[in-house]
Amino acid sequence: MKFVKRTEKCGLLNSSKIGDEVILNGWVASNRNLGGLLFIDLRDRWGIAQLVIEPENFPQLAELGRTLRSEFVIWAKGVVRKRESVNTKIPTGEVEILLTDFGIINQSLLPPFEISDLTDANEELRLKYRYLDLRRNELQNNLVVRNKVYQIVHKYFYENDFMEIETPLLMKSTPEGARDFLVPSRIYKGRFYALPQSPQIYKQILMVSGFDRYIQIAKCFRDEDLRSDRQPEFTQIDCEMSFVEQDDIISIFENFIKVTWKKVLNVDLQLPFARLSYKEAMENYGSDKPDTRFDIKIKTLNTLFQNTDFQVFKQTLENNGIIAGINAKGCGNYSRKQIDTLTEFAKKYGARGLAYIKFSEGTVTGSIAKFLSEQEIQDLKTTFQVEDNDLILFISDKWTRTYTVLGALRLEIARQTGIIEQVKNKFNFLWVVDFPLFEYDETEERYVAMHHPFTSPKIEDIPLLDTNPGEVRAIAHDIVLNGVEIGGGSIRIHDADLQKKMFNLMNISEKEAEDKFGFLLTSLKYGAPPHGGIALGLDRLTMLLIGTDNIRDVIAFPKTTSGLSLMDNAPSFVDEKQLNELGIAISPNSKTM
RNA sequence: GGGGUCGUAGUUCAGCUGGUUAGAAUGCCUGCCUGUCACGCAGGAGGUCGAGAGUUCGAGUCUCUUCGGCCCCGCCA
34 MKFVKRTEKC GLLNSSKIGD EVILNGWVAS NRNLGGLLFI DLRDRWGIAQ LVIEPENFPQ
94 LAELGRTLRS EFVIWAKGVV RKRESVNTKI PTGEVEILLT DFGIINQSLL PPFEISDLTD
154 ANEELRLKYR YLDLRRNELQ NNLVVRNKVY QIVHKYFYEN DFMEIETPLL MKSTPEGARD
214 FLVPSRIYKG RFYALPQSPQ IYKQILMVSG FDRYIQIAKC FRDEDLRSDR QPEFTQIDCE
274 MSFVEQDDII SIFENFIKVT WKKVLNVDLQ LPFARLSYKE AMENYGSDKP DTRFDIKIKT
334 LNTLFQNTDF QVFKQTLENN GIIAGINAKG CGNYSRKQID TLTEFAKKYG ARGLAYIKFS
394 EGTVTGSIAK FLSEQEIQDL KTTFQVEDND LILFISDKWT RTYTVLGALR LEIARQTGII
454 EQVKNKFNFL WVVDFPLFEY DETEERYVAM HHPFTSPKIE DIPLLDTNPG EVRAIAHDIV
514 LNGVEIGGGS IRIHDADLQK KMFNLMNISE KEAEDKFGFL LTSLKYGAPP HGGIALGLDR
574 LTMLLIGTDN IRDVIAFPKT TSGLSLMDNA PSFVDEKQLN ELGIAISPNS KTM
């Protein structure tokens, strides 16, 4: 299959080439045979060019042209000329190539779906034939944006004196955090490497080594269940800096985001981004990654209901819980069925029930209307700035659950009322800071690190470590865009004794800490500088830049939500011989089909 | 681990309370056509109804099991 090498790219042809003889290479996107005239759309990475065959003058070309089918690969030689009828829909629409010669380089089977912008083939099929799906404009563009982000990262951080350093993919398995992917060692049977959940420990050690400013576009692996925005392997823009405070990290990354948004979208962002404490974020938006593009806010109502006769609320107050609510504006006409659906929605997030009142044509109705005093109703009207046809939703439960459920309801109401659609072009960046250092794990009955075990407590909270660990705040920072967490980091502990104390508080024994993290603890004793960093999710960043909510749209070869690769059928069984070499036997009952 | 939803020509879908030969659009194939660009016109081919079992005189339709896609809860420092 000989081919004649191109002199031009299809998508870059324009009227400046008129009169030139050119050679193109590409895929047949479509062909239109008008009998006395044949048109062929030829596609490459840069776009589409129209080829013309005139059977009257080139009968043998026409004969070959009639055998062309979609996705055949061809070379085509001809002269660029102005079209008789211009196509304004494509960049090359002013010109066409009158063919003087061409050849078929490779044929193609009939593709299982049409390679076009309009394709509506389902994702399962598109994932199986990923190489065909990737020929489509949309996915090509997504990877173009992703590539732009790579280039901006390399340039921006290089110019700011960061060093790119690769860290191992085969590392030691560590407890805490996500489940590791394990890689068996052949040489040391029974031992395993782990794929990194992130290069966290290595980058801290690089700080001890004196590299001062590290950046890496790093692959990370977490063996947990997937979602539309989560893949088992994903990419982080991973950073660590020495001799810095939180504000230094924040400012470097705010500016990185600003540069990226300017270069990719030509959007000017205002710096600095807003900052919310974890407490503010939870109590106002019911989330540690609040979507602040719209105004619905949660109101805490413990004071308002301090003298309530409503037993459910009364009990919540007695149990030191929280009563809070949101105003679903304009939803006062919701039917019983719609409210039931909202209740079911709330229950998914752990709510035991959903109380509500409706304000409609001057009357107050709803599940708890009859339990409320006139004064309470007046106060609610003021608190929520109630207008006619508003719906107030109440949750009363423990602090976290109350706010989390209302946070979910807040987003659901915004979706149902079309508010999300209205604000979809806004970019509301913000930082969430002052996270709790620990959260209490009910099942394990111990404190676990909210961020990770190397996060430094706020200096002024260190005394609380001994008295009330749950109250200690971390020097941690998450960056959030439109309700999506796009990155997070912290100032790390650079003192071996404090680090030991942290493990201690998390009920990790001295022996285990030494066994699992000893190398880090030891390194901290050899002159560790104060350091901290952050990692941004490159996949999610790209998703937000192109406006998709499907992470598979920004990854060339993604897995399904059940962790399968439909193109190559990974994971797969392996030969008995391979297992023997590794000293691994599969237990009889654990084998899946 | 749990919940929801979907699976029918190559593709996207329709198929009612179970009832003749499972339809449409598009794609594909053949022929005609000199300015198309979602070309047009005429004709044609194309189905293990995801798989397995069951109920029934009869199953695309009902039941159970199972496989797979998507979405969500748990999980994901």
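Adding 33 to a residue's 1-based position in the first sequence gives its number in the numbering used here.
Glycine included, each C-beta is placed from N, C-alpha and C at the ideal position.
Inter-residue CB distance, residue i and residue j (contact presumed, cutoff 8 Å)
i	j	result
Tyr389	Leu337	About 16 Å; that fails the 8 Å criterion.
Gly80	Ile123	7 Å
Asn461	Arg585	25 Å between Cβ atoms; not a contact.
Cys253	Gln269	5 Å
Val55	Thr575	Actually they do not touch by this definition, with Cβ atoms about 34 Å apart.
Phe550	Thr207	7 Å
Glu209	His485	7 Å
Gln89	Gly68	The amino acid at residue 89 is misidentified as Gln; the sequence shows Glu. Not a contact, Cβ separation roughly 11 Å.
For residue j and residue i, the rounded distance between their alpha carbons
i	j	result
Gln93	Phe135	10 Å
Leu202	Arg479	30 Å
Ile148	Arg255	33 Å
His564	Asn193	17 Å
Asp280	Tyr191	20 Å
Asp582	Ser406	44 Å
Asn515	Asn458	10 Å
Ile355	Gly383	15 Å
Thr374	Gly358	17 Å
Arg448	Pro305	28 Å
Ala109	Leu57	5 Å
Pro232	Lys205	11 Å
Val397	Tyr189	58 Å
Gly570	Ile285	16 Å
Gly126	Leu75	12 Å
Met196	Leu239	11 Å
Leu187	Val177	Strictly speaking, residue 187 in this sequence is His, with Leu absent from that position. His187 and Val177: Cα-Cα distance of roughly 16 Å.
Thr488	Asn317	26 Å
Thr152	Gln455	27 Å
Ser242	Ile567	18 Å
Trp294	Gln303	11 Å
Glu313	Lys330	11 Å
Asn501	Asp548	28 Å
Ile492	Arg525	12 Å
Leu577	Val300	13 Å
Lys347	Leu167	59 Å
Glu199	Gln230	15 Å
Thr476	Glu545	20 Å
Residue i versus the options, residue with shortest Cα-Cα distance
i	options	result
Val221	Pro621, Lys332, Met483, Ile617	Just to set this straight, residue 221 is Tyr in the shown sequence, not Val. Ranking the options by Cα distance to Tyr221, first place goes to Ile617.
Asp213	Pro265, Asn175, Asn47	Pro265
Pro627	Leu615, Thr416, Pro621, Ser623	This structure does not reach residue 627, given that the chain is present from 34 up to 626, and the question cannot be answered.
Val465	Gly521, Leu424, Ser48, Thr437	Gly521
Asn360	Glu104, Leu172, Thr416, Phe552	Thr416
Phe606	Thr594, Ser595, Ser623	Ser623
Phe72	Pro486, Val55, Asp258, Leu97	Leu97
Cys43	Ile107, Arg65, Arg102, Gly69	Ile107
Leu15	Gly68, Leu215, Ile138, Phe468	As displayed, the chain neither begins before 34 nor continues past 626, which places residue 15 out of reach and without an answer.
Glu37	Asn139, Asp423, Leu131, Ile282	First, the amino acid is wrong: residue 37 is Val here, not Glu. With distances taken between Cα atoms, Val37 lies closest to Asn139.
Asp77	Glu41, Glu377, Gly223	Glu41
Gly111	Lys50, Arg169, Thr121, Glu171	Lys50
Leu298	Arg179, Leu101, Gly596	Arg179
Gln344	Phe404, Leu578, Leu259, Ile250	Phe404
Glu104	Thr200, Leu142, Thr121, Gly399	Leu142
Asn602	Asp166, Glu157, Leu172	Glu157
Ala211	Ile524, Glu543, Val481	Val481
Asp608	Ile619, Met600, Leu599, Ser598	Ile619
Val309	Met539, Arg573, Phe468, Asn120	Looking at the sequence itself, residue 309 is Leu, so the reference to Val does not match. Here the closest residue by C-alpha is Phe468.
Cβ-heavy atom distance, residue i to the ligand ADP, below 7 Å
i	result
Ile452	Among the ligands in the structure shown, none appear at all, so the ligand ADP cannot be discussed.
Continuous beta strand (DSSP E) assignments of at least 3 residues falling wholly in the region 268-354 = Listed in chain order, they are 307-310.
Counting only runs of 3+ residues fully inside the region 381-455, write out the beta strand (DSSP E) ranges in chain order.
-> Runs of the beta strand (DSSP E) inside the region 381-455: 388-393, 396-398, 423-430.
Evaluate the contact criterion for the region 275-289 versus the region 415-431: three or more CB pairs, one atom per stretch, below 8 Å.
-> By the Cβ test, the region 275-289 is not in contact with the region 415-431, since fewer than three Cβ pairs between them sit closer than 8 Å.
Taking one C-beta from the region 505-518 and one from the region 309-328 each time, how about it: are there three or more such pairs within less than 8 Å?
-> Counting Cβ pairs under 8 Å, three or more are found: they touch.
Quick one: which unbroken beta strand (DSSP E) runs of 3-plus residues sit fully inside the region 103-149? Chain order, please.
-> Here the runs fully enclosed are 106-115, 128-139.
Is the region 116-132 in contact with the region 60-70, if contact means three or more CB pairs nearer than 8 Å?
-> Counting Cβ pairs under 8 Å, fewer than three are found: no touch.
Between the region 267-275 and the region 241-255, do at least 3 Cβ pairs fall closer than 8 Å?
-> Contact holds: three or more Cβ-Cβ distances are below 8 Å.
With contact counted as at least three CB pairs below 8 Å, one residue from each stretch, are the region 549-566 and the region 590-606 in contact?
-> No, the region 549-566 is not in contact with the region 590-606.
Whole alpha helix (DSSP H) runs in the region 186-262 with 4 or more residues, listed along the chain?
-> Secondary structure remark: continuous alpha helix (DSSP H) runs of at least 4 residues inside the region 186-262, in chain order: 233-241.
Fully enclosed by the region 36-115, which alpha helix (DSSP H) runs are 4 residues long or longer?
-> Runs of the alpha helix (DSSP H) inside the region 36-115: 92-98.
Ordered list of beta strand (DSSP E) runs contained in the region 533-586, each at least 3 residues | If we require 3 residues or more, the beta strand (DSSP E) runs fully inside the region 533-586 come out as 564-570.
Please specify which runs of the alpha helix (DSSP H), each continuous and at least 4 residues long, are wholly inside the region 460-512, giving them in chain order.
-> Runs of the alpha helix (DSSP H) inside the region 460-512: 497-500.
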